[in-house]
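Chains as they are written, first to last, in the working numbering: chain A, 9 to 483; chain B, 617 to 721.
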């Protein structure tokens with residue numbers, strides 16, 4: 009006969025095996041590891057290590073001044089107060105240079121990626137893999153036919169070295185260094201990330217993929233990604249994030265800039281599963297010119313706190329923006345996610361679909377902005393945010409902001425909050441489905457409109473992650 | 617009806633210098649960009665930042681909003697980087713009798 013557990017025991021048992029499942033980490037073996045904290049010397053050291061041009065060095069130092077002079081944001085989550093910027097390593101160098109083939113990658117790094125399944129994924133599905141291990145990308149390859157078409161897919165450091173003119177033209181044009189405190193931090197210490205350039209009219213049929221992983225205790229990861237899609241081109245970029253679990257906090261603060269020129273389409277998919285001590289404070293922003301489309305598909309699991317609101321500025325007529333977001337907040341977690349769309353031109357269209365699931369006392373927040381500028385007549389937008397609460401202790405908040413400066417527009421906003429009801433569970437259980445299984449089915453059905461947009465292997469991973477999160481959740 | 621207002625003698629606004637001019641309810645930033653004087657509305661269209669407190673790039677002829685970093689082209693008033701996306705007003709500059717003057721409405 010099963011022993012009845014108290015609620016506290018049940019809560020404590022949830023994800024108790026996380027370390028075993030996802031928390032593997034390798035012994036630290038680095039060429040260089042900066043001391044904790046941030047000052048000019050460390051920023052100069054990073055720039056020196058990378059042999060950067062003078063303008064980038066100056067850009068970093070200016071960004072550092074912005075970062076140091078700005079207060080911590082007063083909005084968002086109270087958990088932000090837990091971030092201790094002086095207790096973080098801002099730069100770790102894992103290996104000498106990016107490897108061109110899998111054989112060149114150091115054994116211990118390779119083992120980590122083997123466990124994450126990267127080589128298999130690459131062989132079967134991917135056009136190229138950029139695997140970021142700590143601050144440097146150690147492995148990068150683009151399929152030959154893409155290179156022949158002129159597609160550039162490199163880590164950001166190599167992108168700067170080899171395509172300085174393009175980088176200089178677009179870098180920080182979408183997210184200036186003093187956009188916000190975290191963007192300033194990233195601008196000062198950025199390392200790695202991806203640089204993607206798709207020439208006019210080129211369609212990249214297979215998704216480009218990068219995989220990020222934090223391994224060192226108390227290490228910040230500050231990747232910088234820039235994607236430029238020239239007129240009429242198409243690219244789908246996928247990033248996945250998992251990190252080992254540690255007792256003290258890590259900080260992840262990326263900056264991602266997308267530029268979709270007239271008629272181009274960029275889809276950017278993220279599936280992240282940070283360990284529950286990571287602060288994930290990311291700035292993602294895109295511009296869509298005339299007839300261009302930008303889609304953010306954003307799945308947020310794990311982390312202590314995520315604050316992330318991918319945005320699209322629709323600058324050209326008939327541009328389209330789409331944000332699909334899932335957030336799963338478990339015990340001790342706050343997922344503050346959402347999206348922003350700015351209609352700055354006539355006849356632009358957009359959708360925001362955000363879904364959050366909260367359980368075991370977790371908090372899921374939707375925070376969004378829909379802005380229609382004066383002159384953007386004929387704009388159409390639909391915002392839908394749904395929250396699913398799995399128990400009485402969990403919390404959901406919605407902070408939608410809508411600003412409309414034009415009369416001739418069509419805007420819809422829907423929000424729902426629901427609970428997994430006893431009647432739903434009873435119905436499924438009456439068909440012979442065990443309670444845990446029934447609950448998973450309900451959750452999977454809830455997020456299905458978004459997971460169906462993921463590439464196959466990510467949809468599978470996403471479902472696995474949700475199952476892991478759900479284990480033991482119904483008592 | 618356009619009206620001409622005086623800003624200051626030419627020698628009081630050297631290259632790289634900028635100043636704020638107030639006229640009725642207008643606040644105008646006047647910038648000397650490597651010897652050429654430009655005048656734009658002193659209000660970032662993103663979040664109302666005061667542009668004359670920003671960083672002037674004489675080579676590119678831009679002013680950077682100190683609040684969130686949008687760069688504005690001083691010749692056209694157009695934002696060159698986000699988060700601002702709406703141009704700000706520009707004002708014709710007249711140099712007459714060794715004095716910088718603006719045409720305002």
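The beta-carbon is built from N, C-alpha and C at its ideal position, and this holds for glycine as well. Please read all numbers here as calculations on a predicted model, not as lab measurements.
Contact annotation, residue 349 of chain A with residue 324 of chain A: C-beta distance approximately 14 Å; criterion of less than 8 Å not satisfied. In the structure shown, residue 452 of chain A adopts helical secondary structure according to DSSP, grouped into three states.
Less than 7 Å divides the Cβ of residue 708 of chain B from the Cβ of residue 719 of chain B.
Look at residue 697 of chain B: its C-beta is under 7 Å from a C-beta on chain A. The three-state reading of DSSP puts residue 89 of chain A in helix, counting H, G and I together. Listed along chain B, the residues sitting closer than 9 Å to residue 293 of chain A by beta-carbon distance are 698, 699. When C-alpha distances from residue 186 of chain A are compared across A:68, A:90, A:281, the shortest belongs to A:68. Secondary structure note for residue 719 of chain B: its beta strand (DSSP E) is the uninterrupted segment 715-720.
It is roughly 43 Å from the alpha-carbon of residue 322 of chain A to the alpha-carbon of residue 444 of chain A.
DSSP, reduced to helix, strand and coil, places residue 648 of chain B within a strand of the structure shown. Taking the Cα of residue 209 of chain A as reference, the smallest distance to any Cα among A:340, A:273, A:292 is reached at A:273.
In the DSSP assignment, residue 203 of chain A forms a beta bridge with A:162, A:234. A:319 is the residue among A:319, A:309, A:181, A:313 whose C-alpha sits nearest the C-alpha of residue 292 of chain A. In the displayed model, residue 636 of chain B falls within a strand according to three-state DSSP. Between the alpha carbons of residue 202 of chain A and residue 215 of chain A lies a distance of about 14 Å. For residue 321 of chain A, the nearest beta carbon of chain B is closer than 7 Å to its own beta carbon. As a beta-bridge residue in DSSP terms, residue 278 of chain A pairs with A:247, A:306. The three-state reading of DSSP puts residue 84 of chain A in coil, since its state is none of H, G, I, E or B. Closest in alpha carbon position to residue 372 of chain A, among A:158, A:310, A:351, A:65, is A:310. Counting C-beta atoms within 10 angstroms of its own C-beta, residue 260 of chain A has 16 or more neighbours from the protein chains shown and is therefore classed as buried.
In terms of Cα proximity to residue 669 of chain B, the closest of B:641, B:678, B:648, B:634 is B:634. Contact annotation for residue 704 of chain B against chain A: no contact, minimum CB-CB distance about 14 Å [criterion: below 9 Å]. Neighbours of residue 318 of chain A in chain B, taken as residues whose beta carbon is under 8 Å from its own, are absent, since the nearest beta carbon is some 14 Å off.
Closer than 7 Å to the CB of residue 662 of chain B there is not a single CB belonging to chain A.
The three-state secondary structure of residue 196 of chain A, taken from DSSP, is helix. Taking 7 Å as the threshold, the shortest C-beta distance from residue 670 of chain B to chain A does not fall below it. Going by DSSP, residue 410 of chain A is part of the beta strand (DSSP E) stretching over 403-412.
Residues are counted here when their Cβ sits less than 9 Å from a Cβ of chain A; for the region 670-691 of chain B these are 671, 680, 681, 682, 683, 684, 685, 686, 687, given in chain order. Rounded to whole angstroms, residue 205 of chain A and residue 159 of chain A show a C-alpha spacing of 6 Å.
Annotation for residue 717 of chain B: 620, 621, 622, 623, 710 place their beta carbon closer than 7 Å to its own, counting only its chain and skipping 5 residues before and after. In the three-state reduction of the DSSP assignment, residue 670 of chain B falls in the coil class.
An exposed status is given to residue 424 of chain A, since fewer than 16 other beta-carbon atoms sit within 10 Å of its beta-carbon. Neighbours of residue 352 of chain A in chain B, taken as residues at a C-beta separation under 8 Å, are given in chain order as 701, 702. For residue 54 of chain A, the uninterrupted alpha helix (DSSP H) segment begins and ends at 48-57. The DSSP-derived three-state label of residue 339 of chain A is coil. The contact set of residue 187 of chain A on chain B, defined by CB atoms closer than 7 Å, consists of 684, 685, 699 in chain order.
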